[in-house]
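Comments concern the structure below.
Numbering (our numbering), first residue to last: 5 to 181.
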């Protein structure tokens, strides 16, 4: 799947450091905007935790990770998706969008929408009718992005960093034509 010069492809272990760096840059931009301290975002310990998390995702059997690559080798976006994490979400009907991150310098160029489209296609390919995700309540940019794509808060919250909650959102797919 491509848009202009951006290609989506499955992520590999060779992508681990690029994925971790991109995640760190995107996360720093939106958490900083929400009042979170840089030290908690960019410390070597925080990077190491993110790297370990991505390594588990890449090596696991249940998570799909895609890279959005421009110009053959520049990773400009990442997506992680898989089965729902919350026990109150029906795994027979729903898939979870764990993360979409786009390099801040590439925001507004359609990369997030391309990744989102891949998630929706994966739901359809698996005959699932619902998507779920969590967005940090202070990440207004992400919540607006998801709302533009039809997502709605479902009333479920859980504690997040900086005394702000994560808000669970749902996307109900219409039947394919």
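Ideal Cβ placement from N, Cα and C applies to all residues, glycine included.
- Distance between residue 101 and residue 123 (C-alpha atoms, nearest Å): Rounded to whole angstroms, the gap between the alpha carbons of residue 123 and residue 101 is 7 Å.
- Message: Need the endpoints of the alpha helix (DSSP H) that residue 124 sits in, please.
- Response: Per DSSP, the continuous alpha helix (DSSP H) segment holding residue 124 begins and ends at 115-129.
- Task: Just grab the DSSP bridge partners of residue 161 for me.
- Result: Answer is 171.
- Message: Could you give the first and the last residue of the continuous beta strand (DSSP E) run that contains residue 138?
- Response: Segment 134-140, the beta strand (DSSP E) holding residue 138.
- Item | Run of the beta strand (DSSP E) containing residue 98, from where it starts to where it stops | Note, residue 98: beta strand (DSSP E), 98-106.
- Item | For residue 143, the nearest candidate out of 52, 164, 92 and 178 (CA to CA) | Selected option, being the one with the closest Cα: 164.
- Three-state secondary structure assigned by DSSP to residue 11: In this structure, residue 11 counts as strand in the three-state DSSP scheme.
- Pull up the CB-CB distance for residue 146 and residue 139, whole angstroms please, since I reckon it's below 8 Å. Contact between residue 146 and residue 139 is confirmed by a C-beta separation of about 5 Å, below the 8 Å threshold.
- List the endpoints of the continuous alpha helix (DSSP H) containing residue 62. Residues 48-63.
- Message: Let me confirm a value: residue 125 is counted as buried when at least 16 other C-beta atoms fall within 10 Å, else exposed. Which label applies?
- Response: Sixteen is the threshold: since fewer than 16 other Cβ atoms of the shown chains lie within 10 Å of the Cβ of residue 125, the residue is exposed.
- Message: I need the straight-line Cα distance from residue 112 to residue 57, nearest angstrom please.
- Response: Separation of residue 112 and residue 57 (C-alpha to C-alpha, rounded to the nearest whole angstrom) is 27 Å.
- Item | Spatially closest choice to residue 92 from 60, 110, 50 and 159, by CA coordinates | It is 159 whose Cα lies nearest to the Cα of residue 92.
- Going by DSSP, which residues form a beta bridge with residue 70? BP columns for residue 70 point to 14 and 83.
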